[in-house]
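Participant: Protein chains in written order, with the numbering used here: chain A, 140 to 427; chain B, 140 to 427; chain C, 11 to 270; chain D, 11 to 270.
For each residue, glycine too, the CB sits at the ideal point set by N, CA and C.
Keep in mind it's a predicted model, so treat the numbers as computed, not measured.
The structure that follows is given in the form of structure tokens.
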């Protein structure tokens, strides 16, 4: 049953060292605030899962929180590489990162299987691709009716899923809209679910068939306005494209990255303070 | 690409003798008008598919249009048996009906598989049930990761799916809301798709993430207000519970049924005339 | 003379078994009556899910069909039927599956398919619907049905949905995720599976009903628990809520009640 | 002196290959530029689908990411990403998959995973994303990428997504539903697979480009068709539409263009 609490409490009580954690968001509604709180609390050995690891996963990986990564596309959307992810994969810094690489179609199906209580998913995929040669979790079966060969993938069943959404009501029911990505599936596939939201409202004014997560599938709801920054929340704020560009320079260099994380994340009390510190430092950078 | 045309044209051109046809609707939005038009045009040897065959399938079966039925629950909802379905199964009248019986979970998954371009679906189902003993399409496989045994079912891929919806715009894009059943999956699993609608509007005022079928997946859109009668279309009309009760008496007797179909369906030009004739006959019945 | 009917006792006794806050997958008919009565009395936070798609339905009148507009209009949200079976039932989100049936055996296995041989049926019933997977995947199952020799049979003509299979730990050995039936509530009594053999055992008898009536209405030699209680009769609150619900329903739908 | 850049020629030539009314699964970056240019010129009825969920997106500026709000706001509807891959791509609803890549070989197989050995990469690329299944399931595939020896290679370091595999009827034998790549559009020329061998063959050279430049920019001995045409230069309409689109995009996003 959803408890309304601070993000600090939620991360502290619900995410444990060694957990399998999915923080989902397909460009839209990425739970950056929660990612920062995980770094701030020094969580370790996380098995991270995400279709599109981007800046927040780059930060988690560079900060040494991750043991492994299951993913299907790792880049800085619209900009280029994730330098911390690359450094971990290419040079093992800050330590070795086990990667298990899939395709988007595979990962989307794996979340669906997880939400559906199935141990695996079936898809028409990977024919001729080298990916199965480097990932023995990708397997193939025969259709029991036609004999066709189809690919399989293990279900994603995170210990904890974290998502950001637009609204919760005071009971903890959550509403999201716009680009939904695989958030509903990731939410329902997880043992524990943390949702950060833009706004707490008296009553969700939801359309029929809207995407609602009822309070009884949620472990904690945390009110974190702007908690997707520099991603966006449709109807609330816009994507800060400059942050994505700036990240390229910050993340290229180990020392610059480490100093940035120290100043902006480890030395700040929460995401609101991060936003203030970041606003100051980016104004200075622009003035320079 | 969706063509706006009469239901007569749509059924004539898109449904052929011997086709596999799914007319879906989970109590809500049942395409009764289309079912009548199939009877009126004397289509034969149809392989019918539907989770919940109800009155309209009882009428099709009693009229001799059906060769087989794949289903998971066949009853008159809120009333009792489907007498024409029972007569076909128990006594072979008007001719033998091959039935292939599944569970709801199986059928829902089978439509999902059909819409997903897969030849089969996997589900956690049927353990200990006698259904697989009488339906060799229900099979079992082992999970390639855990070794667990799971049930499989062949995908539903209808030649034609028919659904009823609330609105279409003038281009033929369709919007439905409320209880959606498996209509979207049935629509996308089919080679050809007929949609009857309550209303044609200039522009669909759809919520974000609403259930929309774009015009390019639809073969024909037909404007048939009240075309779900005696079922209902949320926002437009209510379920006529009296019809369901009355049907019990009409359908119990072969002669009464045949006379009713002749007078109300075969001898009427279209669904609007059926509604007029039915209104008259039911007033007479109440007066009597 | 009792001031309530045996059907009322059955609905009230069944309703009492639904814990407040439980997520309940509701079959139409008697289970729907009991689940909604629970929601209107001791279990206001019970979450009712119907297979047509409504999650958190709060109908003010009993639905006549599993897809009444009332269910959609009062729900927290309405999802596709495919999602109900995949993410919510099979996904392990259902605390209680509330079922009825045409036939039940001593291990609470259920038949809703056919009376007589499958290929030459004496009576063709509606079929499985959602029951086989509700019976398999819900964390526990409640069954409500009227008791009589044609319904409580020594041998099912057809096993549509499993209860405790052939008893003992058969269910666990078959790898079924849910606990299976935890109670059968009838118009005569309440039965629960024996903790070891999983054979249905009478644990509570409704007021005014005799053991002989129960024996007579059961197609196998029915067992009684060492301690058999008497079911608490419907309270005024329960009875008022049930009658008001049925009266609202009758007014809304005409003469008929919510059926199969 | 030409009045347009080679990149503009590439985007215009790629856009022209998208038929009006086609349902197009759009990769971000160059494919998105080409697909939207097509929509704004000769193909107003083209249906653009992005893997993040928008169906029928009609952005007025190019998206910087695959999930920009602009895509959702201008779409006919937005469905979950899981549905995009299941019902729309795998379901066989996509006419044209529009892809880019880091590396391509003579049979139009694509690498977006890694340069160098997989376990000791020289350069780690973003990975597969939607490409393997777009390449497999779209009815046909268009590829747009800048031509150069590091991109057009004799041997891929990694096959992320299949084109025509090792040529001939390999694709059909592998049971892939789609036709595979039907054209590769670069900043120098247009290639199509040979009807029999499925080896990429230059069929049209952009104005001002020499055969030597193309040979020099290709990591295998590139073949030219018996009849090689000259690509029609961008028309004023095409160029105006492209430049206006990129100007609107630059204003909306700052200096950056839509990237990977």
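1. Does any residue of chain A have a CB that is nearer than 8 Å to the CB of residue 49(C)?
2. In whole angstroms, what separates the C-alpha of residue 423(B) from that of residue 239(B)?
3. At what residue ranges does the region 328 to 411 of chain B contain a whole run of the beta strand (DSSP E), taking only runs of 3 or more?
4. Which residues in chain C have a C-beta closer than 9 Å to the C-beta of residue 327(A)? List them in chain order.
5. Report the three-state DSSP secondary structure of residue 42(D) (helix, strand or coil).
6. Going by DSSP, name the residue or residues bridged to residue 106(C).
7. For residue 71(D), tell me which candidate among 52(D), 88(D) and 39(D) has the shortest Cα-Cα distance.
8. Give the DSSP bridge partners of residue 159(A), in chain order.
9. Pick from 69(D), 198(D) and 156(D): whose alpha carbon is nearest that of residue 262(D)?
10. Using the Cα positions of residue 270(A) and residue 120(C), report the straight-line distance between them to the nearest angstrom.
11. Residue 230(B) lies in the beta strand (DSSP E); which residues open and close that run?
12. Below 9 Å on C-beta distance, what does residue 278(A) contact in chain B?
13. Looking at the C-beta of residue 417(A), does it have a partner C-beta in chain D at a distance below 8 Å?
14. Just to confirm my understanding: we take residue 370(B), look at its own chain, exclude 5 residues before and 5 after, and list those with CB closer than 7 Å. What are they?
15. What does residue 66(D) reach in chain B if we use C-beta pairs closer than 7 Å?
16. In three-state terms, what does DSSP make of residue 94(C)?
17. Is the Cβ-Cβ distance between residue 313(B) and residue 360(B) less than 8 Å?
18. When the Cα atoms are used, what is the spatial distance from residue 321(B) to residue 383(A)?
19. Using the C-alpha atoms, what's the distance from residue 331(A) back to residue 151(A)?
20. Does the distance from the C-beta atom of residue 292(A) to that of residue 325(A) stay below 8 Å?
21. Looking at C-beta atoms only, is the number of pairs between the region 23 to 30 of chain C and the region 124 to 134 of chain C that lie closer than 8 Å three or more?
22. Using CA coordinates, which residue listed in 205(A), 193(A) and 385(A) is at the minimum distance from residue 237(A)?
23. So residue 223(D) packs on residue 198(D), CB below 8 Å; how close in whole Å?
24. I'd like the span of the beta strand (DSSP E) that includes residue 292(A), first residue to last.
25. According to the neighbour-count rule (16 or more other Cβ atoms, all chains shown, within 10 Å of its Cβ), is residue 415(A) buried or exposed?
26. Looking only at its chain, what residues have a beta carbon closer than 8 Å to the beta carbon of residue 244(C), apart from the 5 residues adjacent to it on each side?
27. Short check: CB of residue 155(C) to CB of residue 148(C), under 8 Å?
28. Check the C-beta distance from residue 267(B) over to residue 184(C) and give it rounded, since I have them as a contact under 8 Å.
29. Run through DSSP, which three-state label would residue 201(C) get?
30. So, do the region 104 to 115 of chain D and the region 190 to 206 of chain A have three or more beta carbon pairs nearer to each other than 8 Å?
31. Sorted by chain position, which residues of the same chain lie with C-beta nearer than 6 Å to residue 210(A)'s C-beta, five sequence neighbours on each side aside?
32. For the alpha helix (DSSP H) containing residue 251(A), list its first residue and its last residue.
33. Shorter than 8 Å from the beta carbon of residue 86(D) to some beta carbon of chain B?
34. Which of the residues in the region 120 to 146 of chain D, read from start to end, lie with their CB under 7 Å from any CB of chain A?
35. Applying the 10 Å Cβ sphere with the 16-neighbour rule, what's the burial state of residue 217(C)?
36. Might you give, ordered along the chain, the residues of its own chain that have their beta carbon closer than 6 Å to the beta carbon of residue 149(A), omitting 5 neighbours on each side?
Facilitator: According to the data block:
1. Taking the first residue of the third chain as position 1, residue 49(C) is located at position 39. Taking Cβ atoms only, chain A never reaches closer than 8 Å to residue 49(C), which makes this a no.
2. The residue you call residue 423(B) lines up with position 284 of the second chain. The residue you call residue 239(B) lines up with position 100 of the second chain. Approximately 40 Å between the Cα atoms of the pair.
3. 331 to 340, 350 to 352 and 359 to 362
4. The residue labelled residue 327(A) in the question sits at position 188 within the first chain. Residues of chain C passing the Cβ test: 97, 98, 101 and 103.
5. The residue you call residue 42(D) lines up with position 32 of the fourth chain. DSSP places residue 42(D) in helix when its eight states are reduced to three.
6. Counted from its first residue, the third chain places residue 106(C) at position 96. Answer is 34(C) and 150(C), bridged to residue 106(C).
7. For the purposes of this step, residue 71(D) is taken as residue 61 along the fourth chain, with counting starting at 1. Answer by Cα proximity: 39(D).
8. Your numbering for residue 159(A) matches position 20 in the first chain. According to DSSP, which records beta bridges pairwise, residue 159(A) is partnered with 186(A).
9. Here residue 262(D) refers to the residue found at position 252 of the fourth chain. Of the candidates 69(D), 198(D) and 156(D), the one whose C-alpha sits nearest the C-alpha of residue 262(D) is 69(D).
10. Taking the first residue of the first chain as 1, we reach residue 270(A) at position 131. Taking the first residue of the third chain as 1, we reach residue 120(C) at position 110. Distance between the alpha carbons of residue 270(A) and residue 120(C): 47 Å.
11. The sequence position of residue 230(B) within the second chain is 91, counting from 1. Element bounds for residue 230(B): not the beta strand (DSSP E) but the alpha helix (DSSP H), 222 to 230.
12. Position 139 of the first chain, counting from 1, holds the residue named residue 278(A). 283 and 284, listed in chain order.
13. By one-based count along the first chain, residue 417(A) stands at place 278. For residue 417(A), the answer is no, since every Cβ of chain D falls outside 8 Å of its Cβ.
14. Here residue 370(B) refers to the residue found at position 231 of the second chain. Same-chain partners within the cutoff: 164, 166, 167, 168, 169, 171 and 378.
15. Along the fourth chain, one-based indexing puts residue 66(D) at 56. The answer, in chain order, is 353.
16. Taking the third chain and counting its residues from 1, one reaches residue 94(C) at position 84. It is helical.
17. Your numbering for residue 313(B) matches position 174 in the second chain. Your numbering for residue 360(B) matches position 221 in the second chain. It is a contact, given that the beta carbons lie within the stated cut-off.
18. Here the question's residue 321(B) lines up with position 182 in the second chain. Here the question's residue 383(A) lines up with position 244 in the first chain. Rounded to whole angstroms, residue 321(B) to residue 383(A) spans 41 Å at the Cα level.
19. Working through the first chain from its first residue, we reach residue 151(A) at position 12. Working through the first chain from its first residue, we reach residue 331(A) at position 192. Their backbone Cα atoms lie some 13 Å apart in a straight line.
20. Against the first chain, residue 292(A) aligns to sequence position 153. Against the first chain, residue 325(A) aligns to sequence position 186. Not a contact, by the Cβ cut-off of 8 Å.
21. no
22. Residue mapping note: residue 237(A) aligns to position 98 of the first chain, counting from 1. For residue 237(A), the nearest C-alpha among the options comes from 205(A).
23. On the fourth chain, position 213 is the one that residue 223(D) refers to. On the fourth chain, position 188 is the one that residue 198(D) refers to. At roughly 6 Å, the Cβ-Cβ gap stays under 8 Å, so residue 223(D) and residue 198(D) are in contact.
24. Here residue 292(A) is taken as the residue at index 153 of the first chain, counted from 1. Residues 288 to 293.
25. Here residue 415(A) corresponds to residue number 276 of the first chain, with the count starting at 1. Under this definition residue 415(A) is an exposed residue.
26. Within the third chain, numbered from 1, the residue matching residue 244(C) stands at position 234. Taken in chain order, the residues that qualify are 14, 18, 19, 22 and 252.
27. Here residue 155(C) refers to the residue found at position 145 of the third chain. Here residue 148(C) refers to the residue found at position 138 of the third chain. No.
28. Within the second chain, residue 267(B) is the residue found at index 128, counting from 1. Within the third chain, residue 184(C) is the residue found at index 174, counting from 1. Yes, residue 267(B) and residue 184(C) are in contact; Cβ-Cβ is about 6 Å, under 8 Å.
29. By one-based count along the third chain, residue 201(C) stands at place 191. Residue state, collapsed to three classes: strand.
30. no
31. For this step, residue 210(A) is matched to residue 71 along the first chain. Same-chain partners within the cutoff: 189 and 192.
32. Residue 251(A) sits at position 112 when you count from the first residue of the first chain. Note, residue 251(A): alpha helix (DSSP H), 243 to 254.
33. Here residue 86(D) refers to the residue found at position 76 of the fourth chain. Yes, contact with chain B.
34. 128, 131, 134, 136, 137, 138, 139, 140, 142, 143 and 146
35. The residue you call residue 217(C) lines up with position 207 of the third chain. Result: exposed.
36. The residue given as residue 149(A) occupies position 10 in the first chain. Same-chain partners within the cutoff: 333, 359 and 361.
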